[in-house]
Amino acid sequence: MPISRAFTALAVLGVLVVASSAWGQTPAQQAVEMAERLVREHDALDHRLDILEKLIDDVLWFDRVGDVAVVEKVRIYGPPLANEPNPPPSGPGNPFKFYTYVFTPREDFGGRKLPLLVLPHGGVHADFTTYHSRIVRELIAQGYIVVAPEYRGSTGYGRGIYRAIDYGGREVGDCLAARDWVVANHPRVDEDRVGLIGWSHGGLITLHSLFDHPDSYVVGFAGVPVSDLVQRMGYLGPSYQRHYEAEYHIDATPRENLEEYKRRSPVWNVEKLTRPVRIHGNVHDEDVNVIEVEHLIQALTTAGKDFEYEIYDLPGGHSFDRLDVPEAWEVRRVIYDFLARYLNPPRPNIELGVQATGRASP
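Using numbering that gives the first Met the number 0, the letters of the sequence shown correspond one by one to residues 0 to 361.
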């Protein structure tokens, strides 16, 4: 909070403390009540700003990729809420409603059926923004249809969607629902060529999707994936832990409910893997420490799973392969070549780089 706002809040609290006796409350009670009100109002403002940013970014999508892709945003539903404290009069268990982006190449590629890639965004709480526009353009150029679900817990849709977060849980079902919607409703999709590509939290969703729904996906790429929530809570500390310990989320620490954190961590579920996957890590990652990715690789190897991986030593930290620099283009070429082996897009060998589209980076 800026210093001026902090002083204002303290001044307001001081006035209320003086007046509290007239209101029948002790100074301590009034101070606590006012502090709670300020927190609620700050939280509400954050959500309103997120909604505004989302509306602006939705317009930008048409500018960034509209020349090569048909951009759609549809509202669909996934599994019910994991915890529904205030169910509607009709009762608990209603499907969870959310938005998803669909990007379809304008080029017809000779009328051929096209492969589909599910691209879940990263972040504990985040959304699918034009940060991904370069990657979407590259995938569209190869002939992929891309679906990017704004699964439960995403920002930009208000407090209710935000607090519906189910990290490593039913968000995976939301991504499956987005996949199924496109397969059922898009005439150009080849339902036998569906894969996933995701980074960070999106990498975790990619792994859980392959583990839990192998009949729905052919292949997946998991970049710098969150892999072990128990390990992660240890090195990121309390400010990160609070997202999971929140009463509307797991509502427990790893010490209090270790099994729940393990259930949501790919590293403790590797025995389920039956589909090809490639995993990337970076020793300079400031977000997903390479120790998490190394633990995942060790677990998969011990379980005797067939998979591909590489640990890079490149600048760029957590975003090392999503930047617009030659090193990142080379890594993305490796990713695209891997996916193309299994999904057979009509034009896999595209040029990568800023000059490939003549557009500046977002």
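Think of the CB as a built atom: it goes at the ideal place given N, C-alpha and C, for glycine as much as any other residue.
Anticipated Cβ contact below 8 Å, residue i with residue j, distance rounded
| i | j | result |
| --- | --- | --- |
| residue 67 | residue 114 | At roughly 17 Å, the Cβ-Cβ gap does not stay under 8 Å, so residue 67 and residue 114 are not in contact. |
| residue 209 | residue 274 | 5 Å |
| residue 154 | residue 49 | 5 Å |
| residue 314 | residue 294 | That pair is no contact at about 24 Å. |
| residue 46 | residue 157 | 5 Å |
| residue 198 | residue 223 | 6 Å |
| residue 342 | residue 217 | 6 Å |
| residue 221 | residue 202 | 4 Å |
| residue 338 | residue 142 | So it is not a contact: roughly 12 Å between Cβ atoms. |
Collapsed DSSP secondary structure at residue i in the structure displayed
| i | result |
| --- | --- |
| residue 205 | helix |
| residue 336 | helix |
| residue 162 | coil |
| residue 156 | coil |
| residue 120 | coil |
| residue 293 | helix |
| residue 307 | strand |
| residue 301 | helix |
| residue 138 | helix |
| residue 327 | helix |
| residue 129 | helix |
| residue 287 | coil |
| residue 342 | helix |
| residue 316 | helix |
| residue 21 | Residue placement at residue 21 is poorly supported in this model, since its pLDDT is 48, which falls under 50; the coordinates are not used for a value here. |
| residue 115 | strand |
| residue 282 | coil |
| residue 148 | strand |
| residue 104 | strand |
| residue 10 | Low confidence applies to residue 10: its pLDDT is 47, below 50, so where it sits in the model is not reliable, and the reading given next is rough at best. Here residue 10 sits in helix by DSSP. |
| residue 352 | coil |
| residue 268 | coil |
Exposure of residue i, with buried meaning 16 or more beta-carbon neighbours within 10 Å
| i | result |
| --- | --- |
| residue 97 | buried |
| residue 53 | buried |
| residue 241 | exposed |
| residue 277 | buried |
| residue 311 | buried |
| residue 147 | buried |
| residue 307 | exposed |
| residue 288 | buried |
| residue 346 | exposed |
| residue 269 | buried |
| residue 133 | buried |
| residue 61 | exposed |
| residue 85 | exposed |
| residue 344 | buried |
| residue 175 | buried |
| residue 348 | exposed |
| residue 9 | Confidence is the limiting factor: at residue 9 the pLDDT is only 47, short of 50, which leaves the residue's position unreliable, though a coordinate-based value still follows. The residue in question, residue 9, is exposed, as its Cβ has fewer than 16 Cβ neighbours within 10 Å. |
| residue 309 | exposed |
| residue 150 | buried |
| residue 327 | buried |
| residue 228 | buried |
| residue 55 | exposed |
Whole-angstrom distance between residue j and residue i, CA atom to CA atom
| i | j | result |
| --- | --- | --- |
| residue 136 | residue 92 | 38 Å |
| residue 249 | residue 188 | 37 Å |
| residue 88 | residue 179 | 29 Å |
| residue 182 | residue 215 | 10 Å |
| residue 302 | residue 253 | 24 Å |
| residue 329 | residue 246 | 43 Å |
| residue 64 | residue 257 | 43 Å |
| residue 305 | residue 272 | 9 Å |
| residue 77 | residue 106 | 31 Å |
| residue 425 | residue 164 | The question about residue 425 has no answer here: the residues shown for the chain are numbered 0 through 361. |
| residue 80 | residue 261 | 20 Å |
| residue 340 | residue 206 | 19 Å |
| residue 200 | residue 122 | 6 Å |
| residue 267 | residue 184 | 35 Å |
| residue 373 | residue 120 | Residue coverage of the chain in this structure runs from 0 to 361, which leaves residue 373 outside it and unanswerable. |
| residue 285 | residue 110 | 44 Å |
| residue 74 | residue 177 | 10 Å |
| residue 230 | residue 321 | 25 Å |
| residue 152 | residue 219 | 22 Å |
| residue 204 | residue 144 | 19 Å |
| residue 264 | residue 300 | 17 Å |
| residue 168 | residue 233 | 21 Å |
| residue 191 | residue 238 | 42 Å |
| residue 139 | residue 297 | 34 Å |
| residue 125 | residue 57 | 14 Å |
Contact with chain B by residue i, beta-carbon distance below 7 Å
| i | result |
| --- | --- |
| residue 119 | No chain B is part of this structure, which consists of one protein chain only. |
Item to check | Uninterrupted alpha helix (DSSP H) stretches inside the region 223-263 (no shorter than 4 residues) | outcome: 228-235, 237-244, 257-262
Next on the checklist: Which complete beta strand (DSSP E) runs does the region 38-83 hold, if anything under 3 residues is left out?
Outcome noted: 68-79
Checklist entry - Which full runs of the alpha helix (DSSP H) of 4+ residues lie inside the region 172-220, going along the chain? => result 200-211
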